[in-house]
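S.K.:
Residue numbers (this note's numbering), protein chains in the order written: chain A, 3 to 141; chain B, 97 to 352.
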C-alpha cells in the first residue's frame, strides 16, 4: 500500500506537468493526489465498494484543493484536476469500448454503469465541496 | 470606453480558456465579468465545448456580437491560471482592455515546460500508474519502456499526422504489443496492470468527469459534447489495444 501511495504521488505530479501546472505547485498537486489515493485504498479495504471509495476520496481531494487554492490564490482547478486524475474512470471508458468491440453485452453494461457511477461520484463530491465553499465565502 | 477592444479581449480570454480545458461555466463567467466592466445593459455569453457566442449591447452604442469556433482542446492549467489573473486585473481596473489583449496573446505563445521534460513526465506517469494500480517494480519498468515508445510515436507524428484519433490508435497499439511481448519473456509481470497503467495518459478521464460536472451545472450541450469526445477518444485507444493484442496472438500462434 505504501508503494501504491508513493506511486500515486509520482503519477499525479507527472500528470500535473503534462497539464502544464506551474512548477511551484507540482509538489502540492502530487501530495493532493497521494492523499486521495490513500483514502481510496483505505475505504476499499473497509467497504470494497469502488463508488463509495471514489466519492470519499474526491471529497478529501476537493477539500485539500480548495484550501490550497485559498493559500496560493489560484483557481481550484489547478489542484483539483491533477488531484482526481488517479480516480477518474478513464480506464472504465476504455473497458466500455473494448467490450463493445468484442461484442460482450454483459461486460459493456457492467462497465458502462460502473464508469457512470464513478464519474458521477467524482462530480458530486466536487459539487458538494464547491457549494460548501461558496456558502462559506458569502458568510 | 472602447467597447470593441473590450469585446475583443473578452472573446480571446474565453477562447483561450475553452481551448485549455476549463469548465464551461468558468469560460462564461470570465467573459461575463470582463464584459460587465463596460456597464452595458445587455451582456450575454453562451459557451459550449465547441464554440462561443457573445453579445454586448446598450441603447447608447451599436450592439456588438461575435462567434468563435473552438476546434482543438487540451489541458493547460497554467493558461487557465494566467487568463484568470488577467481577467481579475481588468475587473479591478488595474489593466486596460488593450494591455490585457497583448498579455493574452503573449500567454498563448509561452510554453512553461520543454519537450524533454514533457517526455520524461509521460514516462514517469505511466510507470507511476502501473504502481498505483498495484503493479510491481517490474511492471512499472515495462510501463516506462512503453512510455519511451509513446514519446517516440508522438514525436514522429508531430506536424505530420493531424488526427489525434489515429495517433492514439498507433500509441495504444504499441503499448499493447510491447506489453504482451514483455510479459511473454519477463516473469512476474501482469499484462492487465501494465496496459491499464500505460494507457492512463491517453484515456479521457478528465472529459468524462467534466461531462458530468457540466451536466450537473445545467450546461447540457457541453455535457453531451464532452461525453461524445470521451467516447471517441476511448474508441481510438480500444481499437489500438485490440489490434495490438490480436496481432500478438496471431504471431504467437504462427511461431509456436
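We put the beta carbon where it would ideally sit given N, CA and C, even for glycine. What you are looking at is a predicted structure, and each value in this text was computed from that prediction instead of being measured.
Please determine, among 118/B, 289/B, 217/B and 112/B, the residue with the shortest C-alpha to C-alpha distance to residue 202/B.
M.R.: Here residue 202/B refers to the residue found at position 106 when the second chain is read from its first residue. The option with the nearest alpha carbon to residue 202/B is 112/B.
S.K.: Would you decide whether residue 283/B is buried or exposed? Buried here means 16 or more other CB atoms lie within 10 Å of its CB.
M.R.: Within the second chain, the letter at position 187 stands for residue 283/B. That one is exposed.
S.K.: My output table needs one value for residue 164/B: the three-state DSSP class, helix, strand or coil.
M.R.: On the second chain, position 68 is the one that residue 164/B refers to. Strand.
S.K.: Rounded to whole angstroms, what is the Cα-Cα separation between residue 19/A and residue 28/A?
M.R.: As a first step, residue 19/A is located in the first chain; it is residue number 17 there, counting from the start. As a first step, residue 28/A is located in the first chain; it is residue number 26 there, counting from the start. Going by the C-alpha atoms only, they are around 7 Å apart.
S.K.: In the DSSP assignment, find the beta strand (DSSP E) that holds residue 142/B and state where it starts and stops.
M.R.: Taking the first residue of the second chain as 1, we reach residue 142/B at position 46. 138-143 is the extent of the beta strand (DSSP E) around residue 142/B.
S.K.: Would you list, in chain order, the members of the segment 8-41 of chain A that have their beta-carbon closer than 7 Å to a beta-carbon of chain B?
M.R.: The residues in question are 9, 10, 12, 13, 16, 17, 19, 20, 21, 22, 23, 24 and 39.
S.K.: Excluding the 5 residues preceding and the 5 following residue 21/A in the sequence, name in chain order all residues of the same chain whose CB lies nearer than 7 Å to its CB.
M.R.: Stepping through the first chain from its first residue, residue 21/A is reached at position 19. Excluding positions up to five away in sequence, the list reads 83 and 84.
S.K.: Beta-carbon of residue 121/B versus every beta-carbon of chain A: anything under 8 Å?
M.R.: Within the second chain, residue 121/B is the residue found at index 25, counting from 1. With 8 Å as the cut-off, residue 121/B does not count as an interface residue toward chain A.
S.K.: Taking the alpha carbon of residue 208/B as the reference point, which residue from 173/B, 266/B, 221/B and 238/B has its own alpha carbon closest?
M.R.: For this step, residue 208/B is matched to residue 112 along the second chain. Residue 173/B is the option with its Cα nearest to residue 208/B.
S.K.: Comparing alpha-carbon positions, which option in 307/B, 163/B and 298/B lies nearest residue 103/B?
M.R.: Against the second chain, residue 103/B aligns to sequence position 7. That would be 163/B, whose Cα lies nearest to the Cα of residue 103/B.
S.K.: Please compile the residues from chain A whose C-beta is within a distance smaller than 8 Å of the C-beta of residue 225/B.
M.R.: Counting from one through the second chain, the residue named residue 225/B turns up at place 129. By Cβ distance, chain A contributes 9, 13 and 88.
S.K.: According to the neighbour-count rule (16 or more other Cβ atoms, all chains shown, within 10 Å of its Cβ), is residue 66/A buried or exposed?
M.R.: Here residue 66/A corresponds to residue number 64 of the first chain, with the count starting at 1. Burial call: buried.
S.K.: Compare the C-alpha of residue 268/B against each of 312/B, 343/B, 214/B and 196/B and name the closest.
M.R.: For the purposes of this step, residue 268/B is taken as residue 172 along the second chain, with counting starting at 1. For residue 268/B, the nearest C-alpha among the options comes from 343/B.
S.K.: Might you give, ordered along the chain, the residues of its own chain that have their beta carbon closer than 7 Å to the beta carbon of residue 287/B, omitting 5 neighbours on each side?
M.R.: Here residue 287/B corresponds to residue number 191 of the second chain, with the count starting at 1. Once the five neighbours on either side are set aside, the close Cβ partners of residue 287/B are 275, 276 and 279.
S.K.: For residue 198/B, name the three-state secondary structure that DSSP assigns.
M.R.: The count along the second chain starts at 1 and reaches residue 198/B at position 102. Correct three-state label for residue 198/B: helix.
S.K.: What distance in whole Å lies between the Cβ atoms of residue 333/B and residue 295/B, which are believed to be in contact at a cut-off of 8 Å?
M.R.: Mapped onto the second chain, residue 295/B falls at position 199. Mapped onto the second chain, residue 333/B falls at position 237. The Cβ separation is near 6 Å, so the contact holds.
S.K.: Going along the chain, which residues of the segment 334-350 of chain B sit with their C-beta nearer than 8 Å to a C-beta in chain A?
M.R.: From the segment 334-350 of chain B, only 334, 335, 337 and 338 have a Cβ closer than 8 Å to chain A.
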